[in-house]
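K.L.:
Its first residue numbered 1102, the sequence shown is counted upward by one per residue in the numbering used here.
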Amino acid sequence: AGSKPFCETCQCEKPERAHHCRVCNRCVLKMDHHCPWINNCVGHYNQKYFILFIWYTVLLGLYNTITLSSWAYPMSDEQQQAIMKDWTQVWTNVFVSGLCSPHLVVFRVHLCVL
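Dropping the structure here:
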């Protein structure tokens, strides 16, 4: 009663509510889970950034689905020819995806460093 928690694997005292991750081989404060997508544990210091990463990924997926759904929707020949002549929609989607994708890569590297 009153003794500090001790991690048998790390062989050191650990803070309250810390758990040892078998994959990272370290104790993580308020550990939620080990995420294979970011190859890191989600815990006290990076949970906010993990949630933002998931949110931005979902938003980018929704944006791409909405903008590219016009291509899958049945169109008349005149509409198809108009879209083929005007590549604005295609290049806008490529541009936005190109802007967001590097952001997500940098964000993932940031999470791995934490």
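Even glycine gets a Cβ: it sits at the ideal position worked out from N, Cα and C.
All figures in this text were calculated on a predicted structure; none of them were measured in a lab.
Since Val1125 and Cys1142 are thought to touch, with beta carbons under 8 Å apart, how far apart are those beta carbons, to the nearest angstrom?
P.N.:
Working through the sequence shown from its first residue, we reach residue 1125 at position 24. Working through the sequence shown from its first residue, we reach residue 1142 at position 41. Residue identity differs from the one stated: residue 1125 is Cys in this sequence, not Val. About 5 Å separates the two Cβ atoms, so the contact holds.
K.L.:
Reducing DSSP to helix, strand and coil, say where Glu1109 ends up.
P.N.:
Within the sequence shown, the letter at position 8 stands for residue 1109. Note: Glu1109 maps to coil in three-state DSSP.
K.L.:
Take the Cβ of Ala1119 as the centre, count every other Cβ of all protein chains shown within 10 Å, and call the residue buried at 16 or more, exposed below.
P.N.:
Translated into positions along the sequence shown, residue 1119 becomes position 18. Per the 10 Å Cβ criterion, buried.
K.L.:
Is the beta carbon of Cys1122 less than 8 Å from the beta carbon of Cys1108?
P.N.:
Here residue 1122 refers to the residue found at position 21 of the sequence shown. Here residue 1108 refers to the residue found at position 7 of the sequence shown. Their beta carbons are not under 8 Å apart, which means Cys1122 does not touch Cys1108 by this criterion.
K.L.:
Which runs of the alpha helix (DSSP H) fall wholly inside the region 1128-1179 and span at least 4 residues, in chain order?
P.N.:
Fully enclosed alpha helix (DSSP H) runs of 4 or longer: 1148-1173.
K.L.:
Alpha carbon to alpha carbon, what distance is there between Thr1189 and Ala1183?
P.N.:
Taking the sequence shown and counting its residues from 1, the one referred to as residue 1183 is at position 82. Taking the sequence shown and counting its residues from 1, the one referred to as residue 1189 is at position 88. C-alpha separation (whole angstroms): 11 Å.
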